[in-house]
Amino acid sequence: MPEYDYDLFTIGAGSGGVRASRVSAAHGAKVAVAEEYRVGGTCVIRGCVPKKMLVYGAHFAEDLQDARNFGWTVENARFDWIALRDHVLNDVTRIEGLYTQTLENTGVEIIQQRARVTGPNEVTLADGTVVTARHILIATGARPHVPDCPGHEHGITSNEAFHLDALPRRVLIAGGGYIANEFAGIFNELGSKVTIINRSDTILRGYDESIRDRLLQISLTKGIAFCFNADFRGIEKQADGSLLVSMTNHDPMEVDAVLFATGRVPNTEGLGLAEVGVELGKRGEVVVDRFGKTAIDSIHAVGDVTDRVQLTPVAIREGQALADTLFGNKPTAASHDCVPAAVFSHPPMAGVGMTEADARNKLGGVKVYLSDFRPMKNVLAGRNERALYKMICDSNSGKIVGIHMIGPDAPEIMQAAAVAVKAGLTKDDFDATIAIHPTMAEELVLMR
Ligand code: NDP
205 MPEYDYDLFT IGAGSGGVRA SRVSAAHGAK VAVAEEYRVG GTCVIRGCVP KKMLVYGAHF
265 AEDLQDARNF GWTVENARFD WIALRDHVLN DVTRIEGLYT QTLENTGVEI IQQRARVTGP
325 NEVTLADGTV VTARHILIAT GARPHVPDCP GHEHGITSNE AFHLDALPRR VLIAGGGYIA
385 NEFAGIFNEL GSKVTIINRS DTILRGYDES IRDRLLQISL TKGIAFCFNA DFRGIEKQAD
445 GSLLVSMTNH DPMEVDAVLF ATGRVPNTEG LGLAEVGVEL GKRGEVVVDR FGKTAIDSIH
505 AVGDVTDRVQ LTPVAIREGQ ALADTLFGNK PTAASHDCVP AAVFSHPPMA GVGMTEADAR
565 NKLGGVKVYL SDFRPMKNVL AGRNERALYK MICDSNSGKI VGIHMIGPDA PEIMQAAAVA
625 VKAGLTKDDF DATIAIHPTM AEELVLMR
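Here the sequence shown is numbered in the numbering used here, starting from 205 and rising by one per residue.
Shown next as structure tokens:
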């Protein structure tokens, strides 16, 4: 008789949990994963994937306008939200199926129930079944934080934004981070009147200031309004269904929808973690070491629930590292260094490494190279929108310590540039590389 029912019991079938489970199974472990909602987690079901599809859908608004100077006449163009929404939701279901299949093909048992940790090696399912496991993995992700103001129940979060029955005519988005700016772009392109309100006067804290400023300027030009230093006071539902939002430092505002995008909190409530001795942090996050191990040797955590870097590819890397450590005979700590990231705003932005401010604080001397240009396509389209690329180098070693950009396809271009920054290349290495002309990306090797 084996000592435990499973070698690994994973709670949460999101990006991190799925990767850890299937790789552990491939290493020969007996694995089960419990999921109370849908296989795929936030990224696949109500995050990155459907969001990117909406971004594509929304961008046609600009493409159709720009098409004119390229000789195209597009008559009677009209947008159908329900058509886009349903195509996106159907594709999400397709991808969920693929994730499920991948787990099943590697022999992972999927248990469609909520699970709770009831001992260092014990999990209790919602139906009362008790199972044992040599290792338990917490991969329960995070959920949107909703400010505790009167009437907050009238607002929605990104979870609901994918299911709207109609586009709101006027939408107020609370928060100035990733989700706020991405959805502001989507709704604005699709014709809603968008206002972002944020508690501070900074959007996308953590990104390079010049790039953030450029996004703010372009967003204002596109018609997105911003209210800064505004805290929610309350939301009142009016007789005609509209919402009256009051906030500090600004006049009350009447809108048709309020979207909260004010950060995400780790999902650890009701999991029984503190009771078995797992240490939780201030925001409820699971505290882990470099290898994803909690204060209890047999319990581990990966992804957003650890509240380190809340990005899908990081959770996947952590899941892979954990599986290799536990069952692959290859102890691996996922690196959180030099993580590239992107915001799928209109236009998108992306960054890797230190911002200019970080570099100036941390390094003795820095050299900054800029390229501020109007992409050829924008010039011909008559679109007065400039791209901005910034490269930051350590002036002692010449090493590139950060690259930041805003402009069409910035995330696509950044992926390759991030390899160079991670590898510790220098500005000279970039200069030695021949440009591909005419592209936007060639600016990276032509900066002066
Ligand atoms: P972010 O952390 O990006 O931004 C949160 C925003 O809400 C900030 O502007 C912050 O203000 C404000 N805020 C935070 N707490 C409160 C509060 N208690 N009351 C009022 N305002 C508050 O969070 P998001 O919700 O936009 O996204 C969550 C995470 O999901 C991101 O951090 C990111 O890791 C991930 N994500 C990644 C995407 C991508 O890779 N493209 C896309 C979407 C999400 P201030 O900064 O002034 O403190």
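Glycine included, every Cβ here is placed at the ideal spot set by N, Cα and C.
In the DSSP assignment, M553 forms a beta bridge with V547, I610. DSSP, reduced to helix, strand and coil, places Y411 outside both helices and strands of the structure shown, so it counts as coil.
In this chain, the beta strand (DSSP E) harbouring H339 covers 334-342. Across the set D501, D511, R282, L530, the C-alpha of D511 shows the shortest separation from the C-alpha of G485. Distance check between F391 and each of L376, Y382, G380, S404 places L376 closest, using alpha-carbon atoms only. With respect to the 7 Å criterion, R223 and I520 are classified as neighbours on the basis of their beta carbons.
Looking at the DSSP output, M457 sits in a beta bridge with V449. Nearest neighbour of L447 by Cα position, chosen from E357, D493, F432, K534, turns out to be E357. Here M553 is buried: its Cβ has 16 or more other Cβ atoms, across all protein chains shown, within 10 Å.
For D211, the enclosing beta strand (DSSP E) has its first and last residue at 210-215. Of the other Cβ atoms in all chains shown, fewer than 16 fall within 10 Å of the Cβ of G445; this residue is therefore exposed. At least one heavy atom of the ligand NDP lies closer than 6 Å to the C-beta of A465. Rounded to whole angstroms, the gap between the alpha carbons of G507 and M644 is 34 Å. Three or more pairs of CB atoms, one per stretch, sit closer than 8 Å, so the region 465-484 contacts the region 347-356. The criterion of a C-beta distance shorter than 7 Å is not satisfied by I401 and A388.
Here H504 is bridged, per DSSP, to L341, K497. Using a cutoff of 6 Å, the CB of P551 does not count as near the ligand NDP, since none of the ligand's heavy atoms is closer than that.
DSSP places V462 within a strand segment (E or B) once states are collapsed to three. Secondary structure in the region 336-386: the beta strand (DSSP E) runs of 3 residues or longer, each lying completely within the stretch, are 346-348, 374-378 in chain order.
DSSP places F283 in the coil class of the three-state scheme, outside both helix and strand.
According to the DSSP assignment, K594 belongs to the beta strand (DSSP E) that extends over 591-598. With respect to the 7 Å criterion, I340 and V490 are not classified as neighbours on the basis of their beta carbons. Under DSSP, E313 shares a beta bridge with A236. Pairing L258 with N600, the inter-Cα distance amounts to about 44 Å. Of the heavy atoms belonging to the ligand NDP, none sits nearer than 6 Å to the Cβ of R242.
The alpha-carbon of V253 is positioned some 8 Å away from that of V296. In the structure shown, P615 adopts helical secondary structure according to DSSP, grouped into three states. The C-beta separation of V556 from V625 comes to about 5 Å, placing the pair in contact by the 8 Å criterion.
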